[in-house]
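The next block holds one structure in the form of structure tokens; read it before the comments.
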Amino acid sequence: MNRASVQSFLYPLLTFASVGLLWLFPDTTILLVPVLGVLFAGTLIRLHRWSRWSSMAFVLLIGIPVAGLENSFLFELFIQIGIYAALALGLNIVVGMAGLLDLGYAAFFAIGAYTWAIFGSPQANQFIDGGHFPLPGWPYFYLFMALAVITAALVGVLIGLPALRLRGDYLAIVTLGLGEVVRVLANNLDHPVNITNGPKGISPVERPPVDWILAITDRLGLTLQTNHAVALFFYGLVLVVMLAIVLINRRLDRSRFGRAWVAIREDEIAARSMGIPLLRTKVLAFATGAAFSGVMGAIFSAKQLFVSPESFTLLQSITILAMVILGGMGSIQGALLGAAAVTLLNIEVLKSLSEGLNHLRQTGFVLDLGFVEYNFANLSSQLEPAKYERMIFGLIMVLMMIFRPAGLIPETRHKLELEARGKGKAS
Amino acid sequence: MDGALLDILPSIILEGLLVGCVYAMIALGYTMVYGVLGLINFAHSEVFMIGAVTGVEVFRYLSPHIDNPFALLVVAILTAGFVSGATAVTIERLAYRPLRRRGYTNRLVPLITAIGISFFLQDLVRLIEGLWHGEFYMNYPSHAELEHTLVLPMDMTLQVKGLITMVVTLLMLGGLWFLVQRTRLGKAIRAVAQDATTASLMGVNPDSVIARTFFIGGFLGGVAGVLFGVLYTQVNPFCGFIPGIKAFTAAVLGGIGSIPGAMIGGVILGQLETLGGFYLPFFTDGAIGTEYKDVFGFVILVLLLLCRPQGIFGKAQKDKV
Numbered sequence: 006m007n008r009a010s011v012q013s014f015l016y017p018l019l020t021f022a023s024v025g026l027l028w029l030f031p032d033t034t035i036l037l038v039p040v041l042g043v044l045f046a047g048t049l050i051r052l053h054r055w056s057r058w059s060s061m062a063f064v065l066l067i068g069i070p071v072a073g074l075e076n077s078f079l080f081e082l083f084i085q086i087g088i089y090a091a092l093a094l095g096l097n098i099v100v101g102m103a104g105l106l107d108l109g110y111a112a113f114f115a116i117g118a119y120t121w122a123i124f125g126s127p128q129a130n131q132f133i134d135g136g137h138f139p140l141p142g143w144p145y146f147y148l149f150m151a152l153a154v155i156t157a158a159l160v161g162v163l164i165g166l167p168a169l170r171l172r173g174d175y176l177a178i179v180t181l182g183l184g185e186v187v188r189v190l191a192n193n194l195d196h197p198v199n200i201t202n203g204p205k206g207i208s209p210v211e212r213p214p215v216d217w218i219l220a221i222t223d224r225l226g227l228t229l230q231t232n233h234a235v236a237l238f239f240y241g242l243v244l245v246v247m248l249a250i251v252l253i254n255r256r257l258d259r260s261r262f263g264r265a266w267v268a269i270r271e272d273e274i275a276a277r278s279m280g281i282p283l284l285r286t287k288v289l290a291f292a293t294g295a296a297f298s299g300v301m302g303a304i305f306s307a308k309q310l311f312v313s314p315e316s317f318t319l320l321q322s323i324t325i326l327a328m329v330i331l332g333g334m335g336s337i338q339g340a341l342l343g344a345a346a347v348t349l350l351n352i353e354v355l356k357s358l359s360e361g362l363n364h365l366r367q368t369g370f371v372l373d374l375g376f377v378e379y380n381f382a383n384l385s386s387q388l389e390p391a392k393y394e395r396m397i398f399g400l401i402m403v404l405m406m407i408f409r410p411a412g413l414i415p416e417t418r419h420k421l422e423l424e425a426r427g428k429g430k431a432s
Numbered sequence: 005m006d007g008a009l010l011d012i013l014p015s016i017i018l019e020g021l022l023v024g025c026v027y028a029m030i031a032l033g034y035t036m037v038y039g040v041l042g043l044i045n046f047a048h049s050e051v052f053m054i055g056a057v058t059g060v061e062v063f064r065y066l067s068p069h070i071d072n073p074f075a076l077l078v079v080a081i082l083t084a085g086f087v088s089g090a091t092a093v094t095i096e097r098l099a100y101r102p103l104r105r106r107g108y109t110n111r112l113v114p115l116i117t118a119i120g121i122s123f124f125l126q127d128l129v130r131l132i133e134g135l136w137h138g139e140f141y142m143n144y145p146s147h148a149e150l151e152h153t154l155v156l157p158m159d160m161t162l163q164v165k166g167l168i169t170m171v172v173t174l175l176m177l178g179g180l181w182f183l184v185q186r187t188r189l190g191k192a193i194r195a196v197a198q199d200a201t202t203a204s205l206m207g208v209n210p211d212s213v214i215a216r217t218f219f220i221g222g223f224l225g226g227v228a229g230v231l232f233g234v235l236y237t238q239v240n241p242f243c244g245f246i247p248g249i250k251a252f253t254a255a256v257l258g259g260i261g262s263i264p265g266a267m268i269g270g271v272i273l274g275q276l277e278t279l280g281g282f283y284l285p286f287f288t289d290g291a292i293g294t295e296y297k298d299v300f301g302f303v304i305l306v307l308l309l310l311c312r313p314q315g316i317f318g319k320a321q322k323d324k325v
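Taken in sequence, the protein lines are chains W and P. Note that this note's numbering numbers the first sequence so that position 316 is 321, with each residue one more than the last. Note that this note's numbering numbers the second sequence so that position 232 is 236, with each residue one more than the last.
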């Protein structure tokens with residue numbers, strides 16, 4: 006028996022063990038980490054096709070939903086990871102594949118979110134007469150998901166056409182500026198015509214109906230609460246959209262366009278002399294990245310029921326950038342891993358740390374190491390790990406650039422290049 | 005335009021000049037680092053912020069001991085200059101030099117590092133101030149002597165602190181010009197900016213020249229930070245971002261890499277912004293108000309980069325293979 010078949014045999018067992026652990030202790034949210042870890046391992050090691058796909062399908066279609074119905078925070082966590090994963094994949098095309106540093110990526114997310122939020126809430130009555138709004142979730146939400154893709158891509162083209170003529174470092178600062186412009190517009194377009202409702206934001210945003218999920222589960226003899234059905238619905242929706250985006254990315258990576266993007270990243274002049282139209286190819290990368298962001302924006306607004314400019318700051322763009330950098334620029338698995346790791350860090354690990362410290366502070370826990378004593382009641386209330394995302398993302402970016410610029414899961418092309426260089430040296 | 009709006013014009017121009025002076029001083033930091041390394045040092049806005057915060061601390065701790073606000077201001081400016089300069093050198097030593105040594109192939113690497121440092125420093129200052137004082141929004145104390153308003157011809161008014169800002173800016177710029185044009189170090193800086201490898205063959209140590217350039221740029225940023233803080237009183241760990249972006253715009257406006265360009269760019273940007281911020285609401289019936297003031301800088305930057313990317317004083321660069 007060779008190594009691949011041993012692995013193929015063990016992998017489903019490992020999957021089942023990690024999922025089983027989550028099923029036994031669904032309230033211990035951190036047990037999602039081994040499940041996701043096994044999922045990632047499955048994309049990296051050599052496995053037989055049946056072993057890989059059946060295990061992954063088991064985790065995503067049965068494992069997480071069953072645990073999620075026990076502890077709906079798991080759904081919440083996975084939905085967040087899924088949304089960020091799609092954003093990271095979109096930014097990965099722009100930054101990772103085409104090598105264009107976009108610091109205003111959250112703007113496209115905002116455009117997608119506002120596209121649905123304005124028309125899926127009474128907000129649109131402010132500037133369109135007749136009281137047609139909010140539009141009902143069925144079928145309009147699905148229509149607006151498509152519309153969000155188109156609007157975001159169009160804005161991507163509009164911003165890209167002037168900005169992408171610039172050299173790398175100028176592009177970074179111009180996209181940063183344009184990202185801020187979109188946020189300032191969202192903040193101030195409540196006058197003279199109220200389009201975005203300004204800093205107060207738009208609420209409530211319509212959700213697509215979930216009656217059909219309740220009908221199906223009733224048939225199966227399960228009674229499901231509506232909020233569980235909603236969580237399950239968004240889990241499924243995010244999963245489907247995310248998988249679609251992963252598939253598109255994989256196809257793009259090996260397509261004419263993917264190769265053209267990488268060529269531009271490596272050497273613009275060489276790419277141009279090979280007949281690649283620079284501006285058009287770059288704008289295409291920008292628009293594709295924007296489109297992914299737009300569709301997730303629409304889903305985000307429906308899931309949150311509320312949209313405000315606060316969600317689309319520079320910090321948001323930098324968070325997504327940190328995900329791409331952590332995972333490895335240009336690598337699809339990397340973007341997914343980065344999104345999962347940073348999201349978990351952000352909404353699970355740091356929050357738990359903060360809560361733990363708060364608990365120690367309130368109970369006045371005394372740490373006695375023999376030579377030094379410290380009373381946690383004296384700890385400043387400013388020390389809250391959950392509020393220091395900037396420091397953590399900044400540190401991730403600097404340390405990765407200095408010690409591992411290709412990321413945790415380097416792009417295969419990079420890896421091949423490095424191996425070839427190593428061989429060349431040896432001979 | 006009615007007469008009242010015209011009457012106020014000289015005051016607005018003066019206000020713009022003041023803002024422009026602060027931008028110009030920050031812009032010099034961007035331009036000098038760009039000159040020697042070809043790198044946009046995003047973290048410079050935080051070097052500026054650290055100067056502003058250091059200034060507040062000096063005011064806070066020396067106010068009981070020094071009565072004369074002018075002496076206090078001089079001490080604050082010098083301390084902030086040195087602290088910011090030291091910060092800039094530390095950033096260079098810990099982050100940029102290791103990257104340079106390794107010889108990165110991807111041009112995004114130093115840029116991403118710079119953004120990371122910038123975010124890291126914002127929260128670091130916030131953490132330090134939070135642990136030290138329990139809060140991180142700070143105010144410069146007001147001194148009657150500094151707030152005293154001078155009346156100039158044509159109904160222009162200028163506070164003493166504004167006058168000090170202009171004088172300090174001119175002194176700093178003069179000093180910088182002398183340093184770069186007339187001293188050995190200045191010659192070395194110009195040599196490294198032109199060609200680091202050749203300069204190193206002529207006995208110039210590029211690393212030490214780069215470190216000193218960072219110190220000078222950081223020093224100017226720190227001084228600008230204190231003046232900014234004294235002028236606008238409110239300071240916090242995130243206050244470097246907007247002035248930083250605008251100063252960068254000013255540097256590009258004047259042609260990045262060019263020292264006189266940075267000064268003139270700063271003044272032009274200050275004028276455009278104050279004039280636009282004041283008069284646009286009147287022309288558009290309030291539809292475009294001062295809330296878009298910060299967007300002006302970006303819009304100008306984008307238009308400028310499209311029409312004349314080399315800036316007013318820069319030379320056009322051709323990409324070489």
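Every residue, glycine too, gets a C-beta built ideally from N, C-alpha and C. Being a predicted model, the structure only gives us computed values, none of them experimental.
- Interface residue (Cβ-Cβ distance to chain P less than 7 Å): W/S385 is classified as such.
- As the crow flies, the alpha-carbon of P/G225 is around 6 Å from that of P/G33.
- Taking 8 Å as the cut-off between beta carbons, none of the residues of the segment 39 to 61 of chain W comes near chain P.
- Contact residues of the segment 179 to 194 of chain W toward chain P are V179, L181, G182, L183, E185, V186, V189, L190, N192, N193 (C-beta to C-beta distance below 9 Å).
- In the DSSP assignment, the residues bridged to W/N380 are W/V371.
- Here W/I116 carries a helix assignment [DSSP, helix/strand/coil].
- W/L229 sits in coil when the DSSP states are folded into three classes, being neither helix nor strand.
- Nearest Cα to P/T94 within the set P/A118, P/V79, P/V113, P/V78: P/A118.
- In summary, the residues of the segment 105 to 120 of chain W whose CB is separated from some CB of chain P by less than 8 Å are L106, L108, in the order they occur in the chain.
- Within its own chain, the residues whose Cβ lies closer than 8 Å to the Cβ of W/A327, once the five positions on either side in sequence are excluded, are G343, V347, F398, I401, M402, listed in chain order.
- Annotation for W/Q128: no beta strand (DSSP E) segment contains it, and DSSP assigns it neither H nor E.
- The residue among P/G281, P/G270, P/V256, P/G265 with its C-alpha nearest the C-alpha of P/L307 is P/V256.
- For the options W/L96, W/V245, W/T120, W/G125, the alpha carbon positioned closest to that of W/A111 is the one of W/L96.
- With contacts defined as CB atoms closer than 7 Å, P/L66 and P/L82 fail to qualify as a contacting pair.
- Under a 10 Å Cβ-count criterion, P/I116 is classified as buried, with 16 or more other Cβ atoms of the shown protein chains found around its own Cβ.
- Looking at W/L358, W/L163, W/G87, the one whose alpha-carbon comes closest to that of W/V245 is W/G87.
- Interface residue (Cβ-Cβ distance to chain P less than 7 Å): W/D174 is classified as such.
- A straight line joining the alpha-carbon of W/L320 with that of P/L205 spans about 44 Å.
- For W/P167, the chain P residues whose Cβ falls inside 7 Å of its Cβ are V306, L310, in order along the chain.
- In this structure, DSSP gives P/T187 a state outside helix and strand, which the three-state scheme calls coil.
- Rounded to whole angstroms, the Cβ separation of W/D195 and W/G203 is 3 Å, and the two are in contact under 8 Å.
- Contact check for W/G125 against W/P139 passes: the beta carbons are separated by less than 7 Å.
- DSSP places P/M142 in the strand class (E or B) of the three-state scheme.
- According to the DSSP assignment, P/V155 belongs to the beta strand (DSSP E) that extends over 153 to 155.
- W/V312 sits in a strand when the DSSP states are folded into three classes.
- P/T288 sits in coil when the DSSP states are folded into three classes, being neither helix nor strand.
- Measuring C-alpha to C-alpha distances from W/V371 to each of W/N383, W/I269, W/E360 identifies W/N383 as the nearest.
- DSSP, read as helix, strand or coil, puts P/I214 in helix.
- The shortest CA-to-CA distance from W/L36 to any of W/L159, W/F83, W/S306 is the one to W/F83.
- Put simply, the backbone Cα of P/H137 is about 13 Å away from that of P/N143.
- Spatial neighbours of W/F80 in its own chain (CB-CB distance under 6 Å, excluding positions within 5 residues in sequence) are listed in chain order as G73, A236, Y240.
- When rounded, the separation of the alpha-carbon atoms in P/M176 and W/V100 is 39 Å.
- Neighbours of P/R111 across chain W, judged by C-beta separation under 7 Å: G173.
- Rounded to whole angstroms, the separation of the alpha carbons of W/L310 and P/M29 is 46 Å.
- W/Q85 counts as buried, since no fewer than 16 other beta carbons sit within 10 angstroms of its beta carbon.
- Residue environment for P/Y296: buried (at least 16 other C-beta atoms within 10 angstroms of its C-beta).
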